[in-house]
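Taking it in order: structure first as structure tokens, then the write-up.
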Amino acid sequence: YLFRATRSSLKRVNVLDEDTLVMNLEFSVQETTCLRDSGDPSTCAFQRGYSVMMFGDMARSHRRRNDYLLESASPFHP
Numbered sequence: 014y015l016f017r018a019t020r021s022s023l024k025r026v027n028v029l030d031e032d033t034l035v036m037n038l039e040f041s042v043q044e045t046t047c048l049r050d051s052g053d054p055s056t057c058a059f060q061r062g063y064s065v066m067m068f069g070d071m072a073r074s075h076r077r078r079n080d081y082l083l084e085s086a087s088p089f090h091p
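Count along the sequence shown from 1, then add 13; that gives the number in our numbering.
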């Protein structure tokens, strides 16, 4: 199923040099009723009873579903 953001905020921006900055974002996503192949979660209704919190820091990011850790993702380095 696809996920859609429900809340988001920019917590902090650190400028490291003229070409590099670090943005700390906090957001929540919720599972929708649409399958991955539909491709557009903005038009999908939310699933009942499913809530997913996503958060991250510079070292790592985690995904949670209903307070259970699903997996650890490696940090993104462009």
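Glycine is no exception: its CB is placed at the ideal position from the N, C-alpha and C atoms.
DSSP places Asp32 outside both helix and strand once states are collapsed to three, so it counts as coil. Only residues of its own chain outside the window of five on either side were considered, and among them Tyr14, Gln43, Glu44, Thr45, Thr46 have a CB closer than 8 Å to the CB of Gln60, listed in chain order.
DSSP, reduced to helix, strand and coil, places Thr19 within a strand of the structure shown. With contact defined as three or more Cβ pairs closer than 8 Å, the segment 47-59 and the segment 28-36 are not in contact. Scanning Thr19, Arg20, Ser21, Met36 for the CA closest to the CA of Asn27 turns up Met36.
When DSSP states are grouped into helix, strand and coil, Arg25 belongs to the strand group.
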